[in-house]
Amino acid sequence: MGGKEGAWGYLAQAVVSVIYSLVEEEWDTVQVEPDTKNDKVDIAWFYKEQPPRVVQVKTSKNNFTLPDMRRWLESLIDDVKEAEEYKLILLGTCNDETKKSYKSD
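In this text, residue positions in the sequence shown follow the working numbering: the first is 34, and each later residue adds one.
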């Protein structure tokens, strides 16, 4: 990933962390790029009396595919097994197969 793409990724993480911090329940602390065992968490919200909530933000000019999405989510879960909630936030477009998988009637 080049400098421009990396900067866009960090900007996306910052925007997501601010927006979600405004709507999340009563969190104690929020960390962008927290230290985790596999370094898959982009943002984590920590609470006094409940497990953390973790997010990975992906940006791409290419289409997101269903296998990639599954792999990223599995890696996120494996990275922080004790989290209460996992979110994979995608900023970009999906291929047709992925759109069909998530299309609601």
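Cβ coordinates follow ideal geometry from the N, Cα and C atoms, glycine included.
{"Check": "Sequence-distant residues of its chain with Cβ nearer than 6 angstroms to residue 134 (five each side left out)", "Outcome": "99"}
{"Check": "Residue from 69, 80 and 70 with nearest C-alpha to residue 58", "Outcome": "80"}
{"Check": "Reference residue 112, options 76, 40 and 49, closest by Cα", "Outcome": "76"}
{"Check": "CA-to-CA distance, residue 55 to residue 78, given in whole angstroms", "Outcome": "12 angstroms"}
{"Check": "7 angstroms Cβ cutoff met for residue 88 and residue 122", "Outcome": "yes"}
{"Check": "Rounded C-alpha distance that separates residue 124 from residue 41", "Outcome": "11 angstroms"}
{"Check": "Proximity to residue 118 [Cα-Cα], best of 106, 85 and 129", "Outcome": "85"}
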